[in-house]
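So the protein sequences, as listed, match chains A and B. Take the first sequence: its position 710, counted from the start at 1, is 710 in full-length UniProt numbering, and no numbers get skipped. Take the second sequence: its position 773, counted from the start at 1, is 773 in full-length UniProt numbering, and no numbers get skipped. Accompanying notes for the structure given below.
Number of protein chains: 2
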Amino acid sequence: MRISTLPSPGAASSALLGLLASAELIYALPQPKVPARMQWAHNRGKKIARNALRQSLEGRSYSNVSVACSTSQAASITAPSDNVWAGLTDIEAVSVVSWLFGQSSLNLTATENATEWDNTILLVELQIPNKTDVVAHIDGGGPSPTRYAHVVLDHRSTEEPYYQDLLVGPLPLNDATAGYQPLEYPYTRKTAGKVRNLDADADTLSTEWLYKVGASVADITLDLWNGTGMGLDNDTLDIWGIDPLWQDDGRIIRWDMFWQLPSNFFDAETLMPLGLYFKSDVTGRDPSQWKLEGWLYDNVFYETTEAFRTAYWSGAVPKLAANTEGSWTETDPQDANMPYDSNYPPKTIAPSGSRFGVDYERKYVEWMEFSFYIGFSRDVGVTLYDIKYQGQRILYELGLQEALAHYAGGDPVQSGTSYLDTFYGFGPYAFELIPGYDCPEYATYFNSTFYVDETTHTHLNSICLFEFSADYPIQRHSTSDYVSGTKNTFFSVRSVSTVGNYDYMFTYSFYLDGSITAEVRASGYIQSAYYTTGSDFGFKIQEALSGSMHDHVLNFKADFDILGTANSIQRVKNVPVSRVFPWSNGKARNTMQLERSFVASEDESRFNWAPNIAEQVLVVNKDETNKWGEYRAYRVLPMSGAMHLTVKNSSNLVNAAHWAEYDIQVTRQHDHEPRAAHSYNSQDVHDPPINFDTFFDGESLNQEDLVMWLNLGMHHVPHTGDLPNTVFTTAHAGVQFMPSNYFDIDQSRRTVNAVRINYADGAATAVDTFGQKDATCAVDFTPVEYDLWGYKGDVVVRKFPYDPNNPYYETDSIV
Amino acid sequence: MRISTLPSPGAASSALLGLLASAELIYALPQPKVPARMQWAHNRGKKIARNALRQSLEGRSYSNVSVACSTSQAASITAPSDNVWAGLTDIEAVSVVSWLFGQSSLNLTATENATEWDNTILLVELQIPNKTDVVAHIDGGGPSPTRYAHVVLDHRSTEEPYYQDLLVGPLPLNDATAGYQPLEYPYTRKTAGKVRNLDADADTLSTEWLYKVGASVADITLDLWNGTGMGLDNDTLDIWGIDPLWQDDGRIIRWDMFWQLPSNFFDAETLMPLGLYFKSDVTGRDPSQWKLEGWLYDNVFYETTEAFRTAYWSGAVPKLAANTEGSWTETDPQDANMPYDSNYPPKTIAPSGSRFGVDYERKYVEWMEFSFYIGFSRDVGVTLYDIKYQGQRILYELGLQEALAHYAGGDPVQSGTSYLDTFYGFGPYAFELIPGYDCPEYATYFNSTFYVDETTHTHLNSICLFEFSADYPIQRHSTSDYVSGTKNTFFSVRSVSTVGNYDYMFTYSFYLDGSITAEVRASGYIQSAYYTTGSDFGFKIQEALSGSMHDHVLNFKADFDILGTANSIQRVKNVPVSRVFPWSNGKARNTMQLERSFVASEDESRFNWAPNIAEQVLVVNKDETNKWGEYRAYRVLPMSGAMHLTVKNSSNLVNAAHWAEYDIQVTRQHDHEPRAAHSYNSQDVHDPPINFDTFFDGESLNQEDLVMWLNLGMHHVPHTGDLPNTVFTTAHAGVQFMPSNYFDIDQSRRTVNAVRINYADGAATAVDTFGQKDATCAVDFTPVEYDLWGYKGDVVVRKFPYDPNNPYYETDSIV
């Protein structure tokens with residue numbers, strides 16, 4: 001889409017940077033409507049000594065790893081530029097929240113005092129500056145882009161509740177210049193940043209609807225499962241259902257079902273569906289107008305509760321088995337008596353400590369010839385920016401855009417479930433990592449921070465950075481005279497987001513040959529289906545349970561800048577041919593050859609990996625050839641996993657996830673098309689705030705600044721091996737970016753960690769280790785070596801009123 | 001194909017086992033025709049102290065690894081059965097060779113005395129017993145299958161030279177029962193095991209043809225490259241060409257070309273083609289009848305040498321640039337000054353030493369719940385047999401069948417090259433591995449042995465077995481109350497075969513969830529093309545060099561036995577559907593579902609991975625369902641890489657490699673169809689000894705003993721990053737076998753190497769490490785720690801005359 005007059009916040013008022021001292025600012029700003037004491041009523045955490053916590057927040061807690069001869073963390077270096085993607089400072093966030101509460105026209109209420117009919121602040125975070133402005137700054141020496149806060153307000157003091165994206169700034173706030181404006185330019189729908197909120201009455205929905213419906217059939221739930229779902233403390237049943245809601249014909253329809261609540265901390269509820277479903281019309285905000293529209297049990301639909309009750313108690317309805325807890329729902333080791341297993345398994349150590357540099361403040365990393373900045377946001381978690389090799393940018397941006405889990409089933413809840421997970425957010429659930437499990441103990445860990453409910457939460461040690469040496473070399477060759485080999489050491493950045501039942505592990509890795517990979521793995525509990533509707537949608541995996549088939553599709557933005565921003569996409573196909581040659585005696589020979597083409601425009605820029613992977617997809621700059629005349633390119637190729645969505649024209653998604661339909665999609669980069677999806681696309685699937693289809697409007701892709709939108713995915717048809725948890729080894733998808741004619745020779749020749757052995761007559765005649773470090777050192781090996789008792793969870797700091805001296809621990813998960 | 005009367009050697013004469021004492025046997029057998037002294041004339045190795053060498057042959061040389069608290073090698077255990085696939089004993093091989101030389105009708109000559117008109121023994125190794133007989137033995141307690149030697153004779157004392165496969169036995173040899181018979185039953189062509197030999201006159205071809213042709217244009221080669229290819233000691237040029245030879249119309253045609261010989265040990269010759277080609281008709285054995293049929297230079301064909309010479313010296317022909325050595329042809333580190341790189345990179349250690357058991361004698365391995373036997377053969381190297389999980393067989397056999405490298409190009413040599421690498425063999429080139437590079441230092445290494453020229457060669461430490469812990473867990477899950485994780489430790493068996501320029505790394509891995517993977521990676525020097533014919537077949541990667549495009553396709557046999565041998569192949573497809581449900585108000589919903597089918601017969605059993613990997617391929621036993629009624633299955637799924645050949649009806653291969661045409665091919669198991677290809681298929685491509693197509697003759701695949709023939713491959717279009725060597729990180733293909741409803745729950749729950757941390761209010765409240773070993777130990781970390789000066793190469797023992805006390809070192813590579 002082309003927009004000629006673009007309201008770029010970065011370009012707007014960069015000369016007007018405010019100079020208010022932060023302390024002054026904070027105390028000058030208005031206080032919340034209610035006494036501070038009351039605000040803490042629901043604080044589940046306990047306040048603890050501020051010094052220890054402050055240390056945690058510094059992110060240096062894992063500095064005493066004892067599996068190395070040297071215990072050094074990553075070297076401290078200074079980034080060449082500021083990290084313009086790093087998020088708001090505490091003071092910035094505080095000032096924005098305070099300033100917003102000062103805008104009476106917004107009629108805001110502090111979250112913990114707000115009812116469903118009050119307006120609240122949902123999000124305050126950095127508005128990622130436009131690429132145009134950033135590049136002018138980091139490449140061109142222009143000013144640092146003016147900073148704005150991206151704010152999401154939840155307007156609920158109205159019959160038509162809506163979310164609204166705002167820009168607040170410029171930062172630092174200054175009475176003369178501070179203002180807010182609807183944030184609209186990055187979205188394809190132009191409605192002043194407003195998106196309807198279908199979730200506004202979440203509390204009322206429980207108390208006034210779901211629990212009441214639950215109570216209305218308590219006789220049956222007690223008979224079936226000896227339990228109730230009525231909102232009581234001793235309820236053993238839970239009630240929830242589809243996402244997104246049905247949004248057709250002007251009505252908002254939900255399907256909900258009963259689930260068994262777990263009795264212990266193992267959150268296996270998604271393994272215990274109970275096979276009773278009901279349909280509600282919950283259009284509008286008045287619960288008295290909501291209507292029960294029917295029940296489904298044993299695959300029979302009843303239009304009213306009375307009809308269902310009559311049938312049930314008539315005895316004509318079978319009493320279906322329940323799915324209940326057992327060892328199969330618990331992840332602890334079971335039957336664990338394998339030979340040798342209680343000895344230490346192999347473990348990777350870092351004898352020299354870390355071999356990379358980090359600007360801890362700016363979250364900037366240098367490993368070997370690579371460098372990049374790390375950003376973190378509420379919606380998508382970690383994003384990498386300005387990825388360079390030897391100072392030359394490869395990617396401006398690489399990060400998750402959205403994750404879809406599209407279920408299918410014979411029942412309305414599974415059939416109606418198509419989670420768009422950034423609605424929940426990957427940032428809030430990027431929990432603390434387990435050293436020695438999620439990442440090596442010797443990794444360097446960063447904290448990450450997100451905003452919610454007038455607080456900032458810090459996940460301690462939630463992003464890890466580490467080198468690892470693969471179990472195979474990157475190069476080797478041998479003859480009867482010599483053998484050579486090169487160690488395959490790579491560098492990874494990792495975070496794990498547990499969005500409810502599922503744990504998504506995101507890993508970006510960098511290799512000595514100059515290649516980069518993006519991978520996602522899935523573990524955690526599957527969401528399963530009650531086994532009533534047969535085998536069309538999954539395997540039966542327990543007494544009354546079906547592994548509910550679903551497609552994971554995760555979209556990643558890869559904003560390549562190959563030798564500048566003027567890029568093109570070349571497709572190089574291997575094709576069978578029958579061809580006559582000057583030397584073939586006039587006979588045609590059956591062989592193969594290459595077929596080259598360019599993706600001309602956005603009319604042809606959505607496609608899939610070729611069958612048999614018989615096509616290379618290359619990002620080139622047509623004006624930059626190597627000395628042999630070939631385009632210096634990065635090739636994009638699939639590593640593993642399936643890629644795009646099976647479902648065509650999904651009834652659940654309508655227009656909310658067109659990004660999921662192809663493996664590879666290329667658009668011209670625009671500051672107004674920064675992301676493939678909006679986190680509230682699920683709230684209006686017919687007319688979502690970002691409709692990815694509209695990115696494709698025929699623009700030329702010839703020597704333009706290009707963005708590649710790549711899908712990683714898994715067709716998941718859970719089987720018994722997904723119980724209790726899916727395993728990362730099989731639930732895996734990845735994509736690789738590989739230099740192609742980009743360098744003169746293989747860049748892994750640049751490491752000294754190689755060997756050549758010449759040999760003859762049964763003895764080595766030369767062993768060249770090329771200056772590798774070769775002194776012996778003693779490692780104090782302590783298995784389970786990091787003190788796992790150090791696991792803490794999230795740290796929360798109150799932002800309104802600002803209370804920096806009283807941080808407390810509180811971790812909030814979806815389950 | 002069905003054969004009703006099958007000459008099964010195993011079933012033949014198992015009651016007639018000979019009882020001759022081995023020593024008696026050896027000395028009773030005939031001696032070679034020539035004095036022993038002469039036989040050693042070309043021995044390049046030196047004889048060394050037998051004790052040290054004997055120790056090497058025991059395969060225990062790497063027992064002092066110092067990167068563990070415990071230095072134990074794998075525990076010594078006893079296999080439940082003999083390894084019937086393990087190869088001949090020394091004594092067996094000696095007896096067979098001696099006995100063969102005693103059969104005057106064979107008219108054999110010891111290899112080193114043989115001319116091209118003598119008959120020689122090419123191969124003496126174990127004839128792998130028929131599955132039928134083995135299963136009766138290892139499962140049914142029947143007798144160990146009668147052992148036979150598989151012998152290949154090279155009959156060259158004839159105008160029509162041929163190879164012949166023979167069976168010799170039964171073993172031990174016994175004057176009463178010993179005999180030989182043509183080996184025919186495992187081949188689809190029934191010609192008494194005979195295959196024509198197109199390579200019989202290899203020496204004459206060089207001396208009487210290629211060098212003479214080279215001499216005939218020495219004026220030009222000197223002018224072009226200041227060198228000759230004439231068979232002189234100071235030649236700087238080499239001459240070789242296509243494989244297979246053109247075999248059409250009753251003629252045998254070769255295309256050869258000039259290459260620059262490397263001046264040092266870096267065997268970069270395949271990077272230095274010189275762009276001058278000639279065609280010869282070499283039909284028949286009389287060099288005087290061979291004909292030069294033309295020259296190709298600068299893409300112009302000349303019918304005669306004279307025509308080419310005239311054109312050349314007329315000055316009308318351009319003097320094309322040569323490809324010559326440089327740093328780009330050498331694998332040593334270059335420009336190696338990256339930050340921190342001279343510190344130790346991360347390294348995996350085995351603090352408890354090995355955690356698996358090995359029957360060293362029988363090459364039997366037990367790791368966790370897995371067990372298997374290792375076989376090794378000349379043609380394909382390592383094969384795994386009788387792979388079991390908890391004593392239940394998953395695969396009877398898993399191993400390489402053949403590897404094709406199909407090139408294409410604008411010149412006749414690249415266009416005509418389609419290496420079928422088992423002609424050369426993977427066994428002879430499975431060289432000694434580099435500890436710390438090819439495998440971890442702490443790995444357990446096996447030797448491997450192959451027969452050639454009346455000797456057995458032993459590759460020391462050429463098969464490695466090791467555990468490794470991945471950089472990510474196999475399972476993890478977290479909530480605000482707890483986090484759990486399980487270490488992902490796996491077990492691998494690896495060998496590397498360097499077939500000329502290319503190093504193929506084969507890795508079979510076993511995972512805690514019960515899954516198994518087979519992977520191949522490629523490194524080493526590419527074979528490149530002279531850059532005359534433009535860009536249709538590759539990228540230009542040096543002054544006058546094209547990265548010659550080629551497809552690698554490697555076929556693997558996976559003989560599954562899922563809960564017995566009565567198996568079926570189920571295909572489970574994810575398909576988009578529009579479907580009305582009882583609860584959908586009569587409206588069709590766009591969603592997806594599963595579509596199940598079985599592969600009925602060999603008429604429909606050759607297929608590819610579905611686009612978007614939207615289909616599961618399951619090996620099931622229809623009579624074995626789990627308690628929920630689902631088939632207990634292993635799923636076969638692609639991990640990475642391309643799979644089948646691009647070229648259709650290859651002019652080079654004709655009928656020699658039909659196995660390369662699909663990703664997945666399933667046949668009914670037959671003792672007479674043990675392998676997808678014959679190592680001499682290249683010698684008669686129109687009518688090869690094994691034509692894989694003929695395996696498919698419509699047999700039912702419903703509850704039969706099934707074999708899956710799986711291809712792994714890479715479309716390789718080399719670019720500058722392949723210089724000097726291709727890197728293993730990008731040249732990779734793999735397939736995974738994953739339990740699907742096979743176990744009741746995920747088997748990785750059976751390891752104790754897991755943790756659960758419960759936490760609240762910023763502190764862990766419980767840390768359960770489930771009995772993991774948790775004592776501290778000290779590791780003496782010695783980087784580059786294995787003494788690489790211990791690299792030795794191959795050990796040779798003379799078998800005729802048997803000379804066990806004088807082993808010597810000699811390693812033979814193709815380059």
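Using N, Cα and C, we set each Cβ at its ideal position, and we do this for glycine too.
Chain-order list of residues whose beta-carbon lies under 7 Å from that of residue i (same chain, five-residue window excluded)
i	result
Thr109/A	Lys33, Asp118, Asn119, Thr120
Ser144/B	Asp82, Val84, His137
Asp453/A	Thr111, Glu112
Distance CB(residue i)-CB(residue j) smaller than 8 Å
i	j	result
Glu810/B	Asp787/B	no
Ile526/B	Trp628/A	no
Phe728/B	Arg521/B	yes
Gly425/B	Asp379/B	yes
Phe537/B	Ser528/B	no
Cut-off 6 Å between Cβ atoms - residues of its own chain near residue i, not counting five sequence neighbours on either side
i	result
Leu19/B	The pLDDT assigned to Leu19/B is 26, lower than 50, so where the model puts this residue is not dependable; a value taken from the coordinates is nonetheless given after this. Correct list: empty, nothing qualifies.
Leu171/A	Glu92, Arg147
Glu325/A	none
Asp692/B	For clarity, residue 692/B is Phe in the given sequence; the question names Asp instead. If we look at Phe692/B and ignore the five residues flanking it on each side, its Cβ neighbours are His658, Trp659, Ala676.
Tyr385/B	Trp85, Tyr373, Gly375, Glu397
Cα-Cα separation between residue i and residue j, rounded to whole angstroms
i	j	result
Asp233/A	Arg606/A	52 Å
Met230/B	Trp209/B	10 Å
Val97/A	Phe466/B	56 Å
Asp812/A	Ile138/B	56 Å
Pro807/A	Leu400/A	30 Å
residue 859/B	Val577/A	As shown, chain B starts at 1 and ends at 815. That puts residue 859/B outside it, with no answer to give.
Leu198/A	His715/A	29 Å
Gly294/B	Trp246/B	15 Å
Asp663/A	Phe556/A	11 Å
Contacting residues, own chain, Cβ-Cβ under 8 Å from residue i (five flanking each side not counted)
i	result
Ser8/A	Confidence at Ser8/A is low in this model, with a pLDDT of 34, below 50, so its placement is unreliable and no value can be given for it.
Practice task
Note down, in chain order, all residues in the stretch 349 to 377 of chain A with a beta-carbon under 9 Å from any beta-carbon belonging to chain B.
Solution key: Within the stretch 349 to 377 of chain A, the qualifying residues are Ile349, Ala350, Pro351, Ser352, Gly353, Ser354, Arg355, Phe356, Gly357, Glu366, Trp367, Met368, Glu369.
Exercise for the section: Would you be able to state if there are at least three C-beta pairs under 8 Å between the stretch 176 to 192 of chain B and the stretch 269 to 289 of chain B? Expected result: Put simply, the stretch 269 to 289 of chain B does not touch the stretch 176 to 192 of chain B. Fewer than three CB pairs are less than 8 Å apart.
Problem - Under 9 Å (Cβ pairs) to chain A, residues found in the stretch 747 to 766 of chain B - result: Taking 9 Å as the Cβ-Cβ cut-off, the stretch 747 to 766 of chain B approaches chain A at Gln747, Ser748, Arg749, Arg750, Thr751, Val752, Asn753, Ala754, Val755, Arg756, Ile757, Asn758, Tyr759, Ala760, Asp761, Gly762, Ala763, Ala764, given in chain order.
Exercise for the section: Would you check if there are 3 or more beta carbon pairs closer than 8 Å linking the stretch 421 to 440 of chain B to the stretch 471 to 479 of chain A? Expected result: Taking 8 Å as the limit for Cβ pairs, the verdict is that the stretch 471 to 479 of chain A does touch the stretch 421 to 440 of chain B.
Handout entry: Cβ-based contacts, 9 Å cut-off: residues of the stretch 476 to 497 of chain B near chain A
Key = Within the stretch 476 to 497 of chain B, the residues whose Cβ lies closer than 9 Å to any Cβ of chain A are, in chain order, Arg476, His477, Ser478, Thr479, Ser480, Asp481, Tyr482, Val483, Ser484, Gly485, Thr486, Lys487, Asn488, Thr489, Phe490, Ser492, Arg494, Val496.
Handout entry: Contact set between the stretch 715 to 726 of chain A and chain B, restricted to residues whose Cβ is under 9 Å from the partner
Key = Under the 9 Å Cβ criterion, the stretch 715 to 726 of chain A contributes His715, Val717, His719, Thr720, Gly721, Asp722, Leu723, Pro724, Asn725, Thr726.
Exercise for the section: Give the residues from the stretch 587 to 602 of chain B that approach chain A closer than 7 Å (Cβ to any Cβ), ordered along the chain. Expected result: Residues of the stretch 587 to 602 of chain B with a Cβ closer than 7 Å to any Cβ of chain A, in chain order: Arg589, Asn590, Thr591, Met592, Gln593, Leu594.
Handout entry: Where the stretch 405 to 430 of chain A meets chain B: residues whose CB sits under 9 Å from a CB there
Key = Flagged, chain order: His406, Tyr407, Ala408, Gly409, Gly410, Asp411, Pro412, Ser415, Gly416, Tyr429.
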